[in-house]
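A.B. asks: Taken in order, the sequence shown gives residues 1 to 275; the numbers are from my numbering. Ideal placement from N, C-alpha and C gives every residue a C-beta, glycine not left out.
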Amino acid sequence: MLTIRAPAVAGTFYPGLATDLSDDIAALLANAAQDRAKPPKVPHDTPKALIVPHAGYIYSGSTAALAYQCLAAGRQRIRRVVLLGPVHRVPVHGLALPGATAFDTPLGRIPIDTVAVAALAHLPQVVTSPAAHAQEHSLEVQLPFLQTVLDRFTLIPLAVGDATPREVAEVLELLWGGSETLIVISSDLSHFLPYRSAQKVDQDTVQHILQLDSHLTHEQACGGTPVNGLLLAARKHQLQPELLGLCNSGDTAGDKIRVVGYAAVAFRQGGHHEH
Numbered sequence: 001m002l003t004i005r006a007p008a009v010a011g012t013f014y015p016g017l018a019t020d021l022s023d024d025i026a027a028l029l030a031n032a033a034q035d036r037a038k039p040p041k042v043p044h045d046t047p048k049a050l051i052v053p054h055a056g057y058i059y060s061g062s063t064a065a066l067a068y069q070c071l072a073a074g075r076q077r078i079r080r081v082v083l084l085g086p087v088h089r090v091p092v093h094g095l096a097l098p099g100a101t102a103f104d105t106p107l108g109r110i111p112i113d114t115v116a117v118a119a120l121a122h123l124p125q126v127v128t129s130p131a132a133h134a135q136e137h138s139l140e141v142q143l144p145f146l147q148t149v150l151d152r153f154t155l156i157p158l159a160v161g162d163a164t165p166r167e168v169a170e171v172l173e174l175l176w177g178g179s180e181t182l183i184v185i186s187s188d189l190s191h192f193l194p195y196r197s198a199q200k201v202d203q204d205t206v207q208h209i210l211q212l213d214s215h216l217t218h219e220q221a222c223g224g225t226p227v228n229g230l231l232l233a234a235r236k237h238q239l240q241p242e243l244l245g246l247c248n249s250g251d252t253a254g255d256k257i258r259v260v261g262y263a264a265v266a267f268r269q270g271g272h273h274e275h
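#1: Quick one: Cα of GLY16 to Cα of ALA10, how far?
#2: I'd like the span of the alpha helix (DSSP H) that includes SER197, first residue to last.
#3: In angstroms, rounded to a whole number, what distance separates the CA positions of LEU21 and PHE192?
#4: Would you kindly work out how many angstroms separate the C-alpha atoms of LEU83 and PHE267, rounded to a whole number?
#5: Can you name, in chain order, every residue of its own chain whose Cβ lies under 6 Å from the Cβ of GLY61, other than the five neighbours on each side?
#6: Compute the Euclidean distance between the alpha carbons of ASP162 and HIS93, then round it to the nearest angstrom.
#7: Cβ of VAL160 within 8 Å of Cβ of THR225?
#8: How many Å lie between VAL168 and ALA8 at the Cα?
#9: For the beta strand (DSSP E) containing ARG109, name the first residue and the last one.
#10: What residues are listed by DSSP as bridge partners for ASN248?
#11: On the DSSP bridge assignment, give the partners of ALA49 in chain order.
#12: Relative to the C-alpha of LEU175, which candidate in ALA73, ALA49, ASP24, ALA26 has its C-alpha closest?
#13: Tell me whether the beta-carbon of ARG75 lies closer than 8 Å to the beta-carbon of THR181.
#14: If I follow the unbroken alpha helix (DSSP H) through ILE78, where does it start and stop?
#15: Let's test the definition: count the other Cβ atoms within 10 Å of the Cβ of HIS133 and tell me whether it reaches 16, buried, or not, exposed.
#16: Which same chain residues, not among the five before or five after THR105, have their C-beta less than 6 Å away from its C-beta?
#17: Quick one: what's got a C-beta closer than 6 Å to GLN135's C-beta in the same chain, skipping five residues either side?
#18: Which first and last residues belong to the alpha helix (DSSP H) in which LEU189 is found?
#19: Span of the alpha helix (DSSP H) holding THR3?
#20: Going along the chain, which unbroken runs of the beta strand (DSSP E) with 3 or more residues stay wholly within the segment 100-180?
#21: Looking at THR46: is its Cβ nearer than 8 Å to the Cβ of LEU66?
#22: Count the other CB atoms within 10 Å of the CB of PRO157; is the residue buried (16 or more) or exposed (fewer)?
#23: Would you give the residue range spanned by the alpha helix (DSSP H) that ALA96 belongs to?
#24: Cα separation between GLY177 and VAL115?
#25: Measuring CA to CA, which of HIS208, SER249, PRO53 is closest to PRO86?
#26: Run the CB neighbour count on PRO43, radius 10 Å, all protein chains shown included, and call it buried at 16 or more, exposed below.
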């Protein structure tokens, strides 16, 4: 029986009409392609993993697009997306699956990878919580971008609550796969600091990410737990991080009194990482 997780923030965090949404994403991706300050180190090497922000598109869509426009070369090859983001509304212990067979957005339906879900069943840190997913935006806002830049793919969505970085890394390891699998970690950076303070804090946080330092706090990144788990896995797999963009809401659509930070980071296969 189909169990569909309906969109919860369409019309608020992003446009609710498919035509408007497609137009917005196309514009964001086109701008991102032009705004890259430098070409990627390996232009045709599709990232294995991304860190992307999850605010409304008016605030962080331009930063998220910097990450998603890197996936062009993997459009047909990527067939599975492992998507992790922090819970904002319903607390959970561990990493929560939605108990659904598909996610809907205005752009269509994305099937859940039921084989992968079954493979996670033996892990004690993996639970099922439809409530944790029902109103959660951190995962949902990534889906229209993924539907735009990829062809057909299945999804493994995990809403991360009270867990350790090692527990997250264990889940990622089980789902790691090959070039057909993309890992997306949804996280904003600092919250509600004055503009200049946020810039300093976020620049420091990004340096820790680029050093694969898996000790970020939730004050540095609201998705600190899944980010830390990815950084542990990235170190093990010798992924090389690249900062694609860094800004805050004061640079996009908000005031500069209390801002939220956003970064886009790509992780590619490589023999070393930058310090």
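C.D. replies: Considering the structure as presented:
#1: The residue you call residue 16 lines up with position 16 of the sequence shown. The residue you call residue 10 lines up with position 10 of the sequence shown. Looking at the two C-alpha atoms, the distance is approximately 4 Å.
#2: What you label residue 197 is simply residue 197 of the sequence shown in a count that begins at 1. Counting along the chain, the alpha helix (DSSP H) containing SER197 begins and ends at 195-210.
#3: What you label residue 21 is simply residue 21 of the sequence shown in a count that begins at 1. What you label residue 192 is simply residue 192 of the sequence shown in a count that begins at 1. Approximately 28 Å between the Cα atoms of the pair.
#4: Counting from one through the sequence shown, the residue named residue 83 turns up at place 83. Counting from one through the sequence shown, the residue named residue 267 turns up at place 267. Taking the straight line from one Cα to the other gives about 15 Å.
#5: Mapped onto the sequence shown, residue 61 falls at position 61. LEU28.
#6: Walking along the sequence shown from the start, residue 162 turns up at place 162. Walking along the sequence shown from the start, residue 93 turns up at place 93. Straight-line Cα distance between these residues: approximately 5 Å.
#7: Here the question's residue 160 lines up with position 160 in the sequence shown. Here the question's residue 225 lines up with position 225 in the sequence shown. Closer than 8 Å, so yes.
#8: Numbered from its first residue, the sequence shown carries residue 168 at position 168. Numbered from its first residue, the sequence shown carries residue 8 at position 8. Their backbone Cα atoms lie some 25 Å apart in a straight line.
#9: Locating residue 109 in the sequence shown gives position 109, counting from the first residue. Unbroken beta strand (DSSP E) run through ARG109: 108-111.
#10: Stepping through the sequence shown from its first residue, residue 248 is reached at position 248. DSSP output for ASN248 lists GLY261 as bridge partner(s).
#11: Locating residue 49 in the sequence shown gives position 49, where the first residue counts as 1. Partner(s): ILE183, PHE267.
#12: One-based indexing of the sequence shown puts residue 175 at position 175. Comparing Cα-Cα distances from LEU175 to each of ALA73, ALA49, ASP24, ALA26, the minimum goes to ALA49.
#13: Start at 1 with the first residue of the sequence shown, and residue 75 comes out as number 75. Start at 1 with the first residue of the sequence shown, and residue 181 comes out as number 181. No, the Cβ-Cβ distance between ARG75 and THR181 is not below 8 Å.
#14: Indexing the sequence shown from 1 puts residue 78 at position 78. That residue, ILE78, is in no alpha helix (DSSP H); it is neither H nor E in DSSP.
#15: As a first step, residue 133 must be located in the sequence shown, where it is residue number 133. Looking at its Cβ environment, which holds 16 or more other Cβ atoms inside 10 Å, HIS133 is buried.
#16: Residue mapping note: residue 105 aligns to position 105 of the sequence shown, counting from 1. PRO7, LEU143, PRO144, listed in sequence order.
#17: Numbered from its first residue, the sequence shown carries residue 135 at position 135. Here the set comprises ALA8, ARG89.
#18: Position 189 of the sequence shown, counted from the first residue, corresponds to residue 189. Looking at the DSSP string, LEU189 is not in any alpha helix (DSSP H), and its letter there is neither H nor E.
#19: In the sequence shown, counting from the first residue as 1, residue 3 sits at position 3. Here THR3 belongs to no alpha helix (DSSP H), and DSSP marks it neither H nor E.
#20: List check, beta strand (DSSP E) in window: 102-105, 108-111, 126-128, 154-160.
#21: Numbered from its first residue, the sequence shown carries residue 46 at position 46. Numbered from its first residue, the sequence shown carries residue 66 at position 66. Contact flag unset, no.
#22: Locating residue 157 in the sequence shown gives position 157, where the first residue counts as 1. The residue is buried, with at least 16 neighbouring Cβ atoms inside 10 Å.
#23: The count along the sequence shown starts at 1 and reaches residue 96 at position 96. Where ALA96 is concerned, there is no enclosing alpha helix (DSSP H), although the beta strand (DSSP E) it sits in stretches over 95-97.
#24: Locating residue 177 in the sequence shown gives position 177, counting from the first residue. Locating residue 115 in the sequence shown gives position 115, counting from the first residue. Roughly 13 Å between the two C-alpha positions.
#25: One-based indexing of the sequence shown puts residue 86 at position 86. When each option's Cα is compared against that of PRO86, the closest is PRO53.
#26: Counting from 1 along the sequence shown, the entry for residue 43 is found at position 43. Note that PRO43 scores a pLDDT of 49, beneath 50, so its modelled location is shaky and nothing firm can be said.
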